[in-house]
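Worksheet for the structure shown next.
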Amino acid sequence: MPLVTVLTDVDAVVAAKKEVTAMVHNAVKNALGKPDMYITVALTKAECITVGGQEASVVVEIDSIGGDFGAVIGAIADGLKAHGVEPSKVTGTFRGVSFKEFAMNGRPLG
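For reference, each letter of the sequence shown is one residue, going 1 to 110 in UniProt numbering.
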């Protein structure tokens, strides 16, 4: 049910894409309590992302049917430290969606 999009211009994050997407997946699973089969994570390289006017940043966008945004964004920001990204360089959004606004297997869930 959660769809997480990670946008970054940090080369180390892009180079470790499988490790980073696994870390984000596990953060969602543990912090939001969502089953593996419903979690989607996409990592996209951006040409340039700035936070506070400085490059080398990460944007995390989460769409989910419920959940604690504070817990999951904290876990993701903490996990990104291993790739040289400080929490001050991580921004994010959380959008709560209903079952009828989320689709899997080619159809809405509700």
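Ideal Cβ positions, reconstructed from N, Cα and C, are used throughout, including at glycine.
Pick from the options that is closest to residue i, judged by C-alpha positions
i: Ile73; options: Gly84, Val90, Ala82, Glu86; result: Val90
i: Pro108; options: Ala12, Tyr38, Leu32; result: Tyr38
i: Ala15; options: Leu3, Ala27, Lys34, Thr44; result: Thr44
i: His83; options: Gly53, Leu3, Thr5, Met23; result: Met23
i: Pro87; options: Glu101, Ser57, Ile49; result: Ser57
i: Asn26; options: Ile76, Ser64, Glu61; result: Ile76
i: Val85; options: Lys18, Lys29, Val59; result: Val59
i: Val41; options: Gly67, Ile62, Asp11, Gln54; result: Ile62
i: Glu55; options: Gly96, Arg95, Leu32, Asp9; result: Asp9
i: Ala71; options: Asn30, Lys18, Glu19; result: Asn30
DSSP three-state assignment for residue i, whether helix, strand or coil
i: Val14; result: helix
i: Phe94; result: strand
i: Val109; result: Residue 109 is actually Leu in this sequence, not Val. Of the three classes helix, strand and coil, the one that applies to Leu109 here is coil, per DSSP.
i: Val28; result: helix
i: Val85; result: coil
i: Met37; result: helix
i: Met104; result: strand
Buried versus exposed, by CB contacts within 10 Å (16 or more), residue i
i: Thr50; result: exposed
i: Ser64; result: buried
i: Lys34; result: buried
i: Thr93; result: exposed
i: Met104; result: exposed
Which ranges does the beta strand (DSSP E) cover as unbroken runs of at least 3 residues, wholly within the region 46-79, from first to last along the chain? Within the region 46-79, the complete beta strand (DSSP E) runs of at least 3 residues are 58-64.
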